[in-house]
Ligand SMILES: Nc1ncnc2c1ncn2[C@@H]1O[C@H](COP(=O)(O)OP(=O)(O)OP(=O)(O)O)[C@@H](O)[C@H]1O
Ligand SMILES: [Mg+2]
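Shown next, in the form of structure tokens:
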């Protein structure tokens with residue numbers, strides 16, 4: 142017997158299936174469920190219960206990770222609505238977005254070359270502002286049947302920004318090292 | 020009751036008895052064992068009332084092994100056969116140990132992990148660590164079982180949070196070799212946080228900075244009502260007090276022209292270096308004499324300024340991981356409520372100053388840095404053994420290093436990123452790149468770098484029997500699973516054909532399972548006992564444990580959650596296992612345990628569902644429909 146995988150991540154934590162999320166409630170529900178299912182509670186149980194605990198705890202971690210992140214949560218909600226974000230296959234992005242990306246990447250390269258940590262930090266905060274704007278947009282798209290599918294492109298943009306963030310972090314790390 | 024009949028002689032299985040479990044800090048320099056007794060965690064002392072066991076093992080030609088204070092005292096007499104800081108060699112190859120500086124041992128290359136040549140034969144770091152653990156186990160048996168406290172059910176063994184899979188696996192094997200039932204591998208900074216958090220009733224975000232004899236960890240945790248959630252961890256499993264000793268020794272060799280290559284001189288120089296380092300924590304300068312084996316004597320001097328200058332680079336190496344961990348946890352230094360210092364090497368003033376500067380606050384030193392890890396492990400062991408304390412502790416820990424696969428061009432593709440909360444499972448799909456390809460080579464790696472050659476290789480295996488298809492048509496799913504000990508297993512299968520080709524590996528450091536079995540067989544603690552007898556004893560214990568667990572579950576929830584026939588099926592499987600466990604066939608017992616597990620699956624699932632539902636009771640259920 143497996144866990145009831147027909148339950149989605151929101152239902153698992155008894156939360157409404159919607160993009161805006163009550164983070165403290167999510168955190169609390171996560172801890173409450175982990176308290177019940179974590180393998181540490183079953184160190185003395187039968188093999189069947191231990192296996193089940195491992196499966197549950199794994200699933201609960203995955204659900205929490207997905208819902209906690211505004212990008213992963215958006216992607217997941219689209220999936221629940223049967224909309225694939227096609228992040229690997231669809232690379233057609235609006236020209237203005239691509240130009241902005243190129244500019245940012247050049248700025249990261251430049252800051253790397255000149256070992257300018259302040260510039261890198263500034264880029265991080267610019268990137269964060271853009272992300273915030275896109276999360277607001279995504280929330281409105283996800284809440285509206287008519288434009289929900291447009292959320293796909295917003296998710297793809299956010300994925301670009303996530304990768305950019307990783308690059309900036311890498312660069313900062315290298316300067317520190 | 021079937022239960023008592025299959026118990027080992029002298030072993031009691033009464034359900035409400037206090038079950039004894041110990042916490043073990045297997046340190047580079049010092050090891051300790053602790054337990055919760057009458058509600059408080061305490062370090063178990065040896066017959067001389069000493070809490071710390073020096074992690075030093077001396078081998079003699081006649082097969083005798085001496086561990087601890089005596090071995091430490093004689094380390095300069097017989098350095099090649101007196102192994103100190105063996106933890107630094109766990110799961111490491113010869114190229115890794117070469118980076119530690121000059122050491123008085125004869126290393127031998129071997130697949131996966133170095134070996135050390137001694138008068139008593141070639142020893143692996145696993146063997147040597149097992150000697151330390153055996154002594155701690157004896158110490159625990161003596162301290163606990165003497166006054167009929169119950170039975171020793173197992174141990175929680177701590178490992179540096181930044182230990183990789185090979186190092187963890189090696190530690191677990193050493194424990195098995197010492198005859199210990201490992202309840203859990205626990206990360207050292209997390210153990211320290213438990214002891215600290217429970218002691219101070221702390222809530223908030225804490226950094227644990229643990230610089231020991233051989234390893235460095237930084238963990239960022241959130242403490243909230245008994246839940247210890249690790250947000251990020253980082254470190255360097257090859258950085259510790261030993262490296263400060265090496266820096267001093269190298270400085271003296273260079274400035275005083277000490278050229279002796281005698282191993283005793285090398286060991287003595289390292290001992291003087293350590294004494295100097297420790298003295299400079301409270302004094303501004305230090306002096307000693309080094310008596311060389313050829314009779315010559317050399318005056319050794321060092322000032323605190325010189326020491327701090329020559330080791331500043333080592334201190335800086337601890338700060339980088341701290342910054343990385345904070346970035347991964349998405350926290351700034353101001354958001355950290357306290358920095359807890361753990362490990363003997365954090366006593367050094369320049370380490371304290373550097374940490375205070377980085378965090379902009381004085382670190383917390385109100386714990387005994389030598390003992391907290393063992394105390395935290397004891398508390399966790401007590402919970403795992405089933406002795407529920409009122410605190411109701413929950414640990415949510417993470418993996419320290421990303422896990423991935425080699426892809427085309429020698430690139431490492433991450434499958435599970437570092438700092439993922441465990442247990443965790445993630446699958447990745449691949450496809451074939453040639454028409455008619457029937458096999459795929461799978462290479463599992465651990466680390467953060469882009470190129471496979473810069474990561475640590477954990478396992479290689481082939482998935483065979485893929486039905487021939489055009490390139491790109493096959494779907495190979497590679498599944499990574501990390502358990503609550505932080506140990507990985509990997510499986511692969513082809514999903515389109517319906518032909519289930521499945522491979523499952525538990526990476527290890529090059530020792531195959533039968534090699535471990537052979538080591539177990541030849542280990543001193545089991546001499547004279549053959550492998551089958553041992554397997555039989557183990558399966559009987561497992562059978563008793565399983566029966567006890569299922570009966571407890573039946574008593575608690577059987578009436579409510581089981582139909583009459585379901586209950587009867589479980590009870591008959593219990594009776595069957597009880598009968599078979601009286602016999603001599605360990606394989607049959609194992610099969611009967613599996614059958615009992617199988618008939619209890621639905622029952623277990625219902626129990627779990629209900630406890631989750633109870634935990635979330637009170638939340639509105641009506642608004643969770645998909646909108
Ligand atoms: N007063 C002191 N000043 C400086 N260093 C000290 C002092 N006391 C102990 N140390 C150093 O602390 C180290 C041992 O610390 P500890 O016992 O915490 O390590 P460990 O737990 O055995 O190692 P690890 O955690 O790395 O496996 C040694 O390098 C020792 O020299
Ligand atoms: Mg330690």
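Chains as they are written, first to last, in our numbering: chain A, 142 to 318; chain B, 20 to 646. Ideal placement from N, C-alpha and C gives every residue a C-beta, glycine not left out. Predicted, not measured: the structure shown is a model, and the values here were computed from it.
Exercise for review: Please compile the residues from chain B whose C-beta is within a distance smaller than 8 Å of the C-beta of residue 291 of chain A.
Suggested key: As a working mapping, residue 291 of chain A is identified with position 150 in the first chain. Result: empty, since nearest Cβ-Cβ is about 17 Å, beyond 8 Å.
Review point. Can you round the beta-carbon distance between residue 206 of chain B and residue 416 of chain B to whole angstroms, since I take them to be within the 8 Å contact cut?
Key: Along the second chain, one-based indexing puts residue 206 of chain B at 187. Along the second chain, one-based indexing puts residue 416 of chain B at 397. Right, their Cβ atoms sit about 6 Å apart.
Check your understanding: Taking buried to mean at least 16 other C-beta atoms within 10 Å of its own C-beta, is residue 401 of chain B buried or exposed?
Key -> Residue mapping note: residue 401 of chain B aligns to position 382 of the second chain, counting from 1. It counts as buried.
Point to revise | Near ligand 2: residue 207 of chain B beta-carbon under 7 Å from a heavy atom | key: By one-based count along the second chain, residue 207 of chain B stands at place 188. Yes; taking the cut-off as 7 Å, the Cβ of residue 207 of chain B has a heavy atom of ligand 2 nearer than that.
Point to revise | Per-residue burial, residue 183 of chain B [other beta carbons within 10 Å of its own, 16 or more giving buried] | key: Counting from one through the second chain, the residue named residue 183 of chain B turns up at place 164. By the 10 Å Cβ count, residue 183 of chain B comes out buried.
**Study point:** Proximity of residue 204 of chain B and residue 191 of chain B at Cβ, strictly below 8 Å
**Key:** By 1-based counting over the second chain, the position of residue 204 of chain B is 185. By 1-based counting over the second chain, the position of residue 191 of chain B is 172. Yes.
Review point. Is the region 578–593 of chain B touching the region 621–628 of chain B, taking contact as three or more C-beta pairs under 8 Å?
Key: yes
Review point. Which residues mark the beginning and the end of the beta strand (DSSP E) in which residue 235 of chain B is found?
Key: Here residue 235 of chain B refers to the residue found at position 216 of the second chain. Counting along the chain, the beta strand (DSSP E) containing residue 235 of chain B begins and ends at 235–243.
Practice item. State the DSSP-derived secondary structure class of residue 252 of chain B, mapped to helix, strand or coil. Key: In the second chain, counting from the first residue as 1, residue 252 of chain B sits at position 233. Note: residue 252 of chain B maps to strand in three-state DSSP.
Check your understanding: Counting pairs of Cβ atoms below 8 Å between the region 271–285 of chain B and the region 337–353 of chain B, do you hit three or more?
Key -> no
Exercise for review: Note down, in chain order, every chain D residue with its Cβ under 9 Å from the Cβ of residue 612 of chain B.
Suggested key: Included in the structure are the protein chains A and B, with no chain D among them.
Check your understanding: Per DSSP, which one or two residues make a beta bridge with residue 126 of chain B?
Key -> Translated into positions along the second chain, residue 126 of chain B becomes position 107. DSSP output for residue 126 of chain B lists B:135 as bridge partner(s).
Exercise for review: Please confirm if residue 443 of chain B has its CB atom under 8 Å from at least one CB of chain A.
Suggested key: Translated into the one-based positions of the second chain, residue 443 of chain B becomes position 424. At least one chain A Cβ lies under 8 Å of residue 443 of chain B.
Review point. Can you name, in chain order, every residue of its own chain whose Cβ lies under 7 Å from the Cβ of residue 494 of chain B, other than the five neighbours on each side?
Key: In the second chain, counting from the first residue as 1, residue 494 of chain B sits at position 475. So the list reads 448, 450, 513, 514 and 515, once near-sequence residues are dropped.
Practice item. Confirm the yes/no value for this check: CB of residue 497 of chain B, any heavy atom of ligand 2, distance under 7 Å. Key: Working through the second chain from its first residue, we reach residue 497 of chain B at position 478. Flag unset: Cβ of residue 497 of chain B not near ligand 2.
Exercise for review: Inspect the CB distances between the region 389–397 of chain B and the region 417–427 of chain B and report whether three or more fall short of 8 Å.
Suggested key: no
Exercise for review: Could you pull out every residue in the same chain whose Cβ sits closer than 6 Å to the Cβ of residue 499 of chain B, ignoring the five residues on either side in sequence?
Suggested key: Residue 499 of chain B sits at position 480 when you count from the first residue of the second chain. For residue 499 of chain B, where only same-chain residues beyond five positions count, the Cβ hits under 6 Å are 422, 434, 435, 445 and 509.
Practice item. Give the straight-line distance between the Cα atoms of residue 49 of chain B and residue 38 of chain B, rounded to the nearest whole angstrom. Key: Taking the first residue of the second chain as 1, we reach residue 49 of chain B at position 30. Taking the first residue of the second chain as 1, we reach residue 38 of chain B at position 19. In a straight line, the C-alpha of residue 49 of chain B is about 27 Å away from that of residue 38 of chain B.
**Study point:** Neighbourhood of residue 157 of chain A by C-beta, 8 Å cutoff - its chain only, sequence neighbours within 5 removed
**Key:** As a working note, residue 157 of chain A is residue 16 in the first chain. Closer than 8 Å at the Cβ level, and outside the excluded window around residue 157 of chain A, lie 151.
Exercise for review: Use the C-beta contact count for residue 233 of chain B: other C-beta atoms within 10 angstroms, 16 or more gives buried, fewer gives exposed.
Suggested key: Indexing the second chain from 1 puts residue 233 of chain B at position 214. When all chains shown are included, residue 233 of chain B counts as buried.
Practice item. For residue 24 of chain B, name the three-state secondary structure that DSSP assigns. Key: Here residue 24 of chain B refers to the residue found at position 5 when the second chain is read from its first residue. Confidence at residue 24 of chain B is low in this model, with a pLDDT of 28, below 50, so its placement is unreliable and no value can be given for it.
Review point. CB residue 130 of chain B to CB residue 105 of chain B, shorter than 8 Å?
Key: Within the second chain, residue 130 of chain B is the residue found at index 111, counting from 1. Within the second chain, residue 105 of chain B is the residue found at index 86, counting from 1. Cβ distance not < 8 Å, so residue 130 of chain B and residue 105 of chain B don't count as in contact.
**Study point:** Residues from the region 617–637 of chain B in contact with chain A, defined by Cβ distance under 7 Å
**Key:** 619, 620, 621, 623, 624, 627, 630, 631, 634 and 635
Point to revise | Proximity to residue 255 of chain B [Cα-Cα], best of B:230, B:300, B:100 and B:135 | key: If you number the second chain from 1, residue 255 of chain B lands on position 236. Considering only alpha carbons, the answer is B:230.
Exercise for review: Assuming residue 479 of chain B contacts residue 462 of chain B (C-beta within less than 8 Å), just tell me the rounded distance between them.
Suggested key: Sequence index remark: in the second chain, residue 479 of chain B carries index 460 (1-based). Sequence index remark: in the second chain, residue 462 of chain B carries index 443 (1-based). With a Cβ gap of about 5 Å, residue 479 of chain B and residue 462 of chain B count as contacting.
Check your understanding: Any idea what DSSP makes of residue 546 of chain B, helix, strand or coil?
Key -> On the second chain, position 527 is the one that residue 546 of chain B refers to. Note on residue 546 of chain B: pLDDT 45, under 50, position unreliable in the model; no value is reported.
Check your understanding: If you draw a straight line from the alpha carbon of residue 544 of chain B to that of residue 197 of chain B, how long is it in whole angstroms?
Key -> Walking along the second chain from the start, residue 544 of chain B turns up at place 525. Walking along the second chain from the start, residue 197 of chain B turns up at place 178. Its pLDDT being 46, under 50, residue 544 of chain B is placed unreliably in this model, and the coordinates cannot settle the point.
Review point. Looking at the C-beta of residue 310 of chain A, does it have a partner C-beta in chain B at a distance below 8 Å?
Key: Position 169 of the first chain, counted from the first residue, corresponds to residue 310 of chain A. It does; some Cβ of chain B falls within 8 Å.
Point to revise | beta-carbon residue 366 of chain B near ligand 1 non-hydrogen atom, thresh 7 Å | key: Indexing the second chain from 1 puts residue 366 of chain B at position 347. True, at least one ligand heavy atom lies under 7 Å from that Cβ.
Exercise for review: For chain B, find out if any of its Cβ atoms is closer than 8 Å to the Cβ of residue 245 of chain A; answer yes or no.
Suggested key: Taking the first residue of the first chain as 1, we reach residue 245 of chain A at position 104. False, the Cβ-Cβ gap to chain B never drops below 8 Å.
Exercise for review: List the residues of chain B whose Cβ lies closer than 9 Å to the Cβ of residue 112 of chain A, in chain order.
Suggested key: There is no way to answer for residue 112 of chain A, as the model of chain A reaches only from 142 to 318.
Review point. Listed in chain order, which residues of the region 198–216 of chain A have Cβ atoms closer than 8 Å to some Cβ of chain B?
Key: 198, 199, 202, 203, 205 and 206
Point to revise | Spatial neighbours of residue 224 of chain A in its chain, beta-carbon cut-off 8 Å, leaving aside the 5 residues before and after | key: Within the first chain, residue 224 of chain A is the residue found at index 83, counting from 1. So the qualifying residues of the chain are 289, 290, 292 and 293.
Practice item. Give every residue of the same chain whose Cβ lies closer than 6 Å to the Cβ of residue 321 of chain B, excluding the five residues on either side of it in the sequence, and list them in chain order. Key: By one-based count along the second chain, residue 321 of chain B stands at place 302. So the qualifying residues of the chain are 295 and 305.
Check your understanding: From residue 107 of chain B to residue 636 of chain B, what distance separates their C-alpha atoms?
Key -> Reading the second chain from its first residue, position 88 is the one you call residue 107 of chain B. Reading the second chain from its first residue, position 617 is the one you call residue 636 of chain B. For residue 107 of chain B and residue 636 of chain B, the distance between alpha carbons rounds to 49 Å.
Exercise for review: Establish whether the CB of residue 130 of chain A and some CB of chain B are separated by less than 8 Å.
Suggested key: What is shown of chain A runs 142 to 318, which leaves residue 130 of chain A out entirely.
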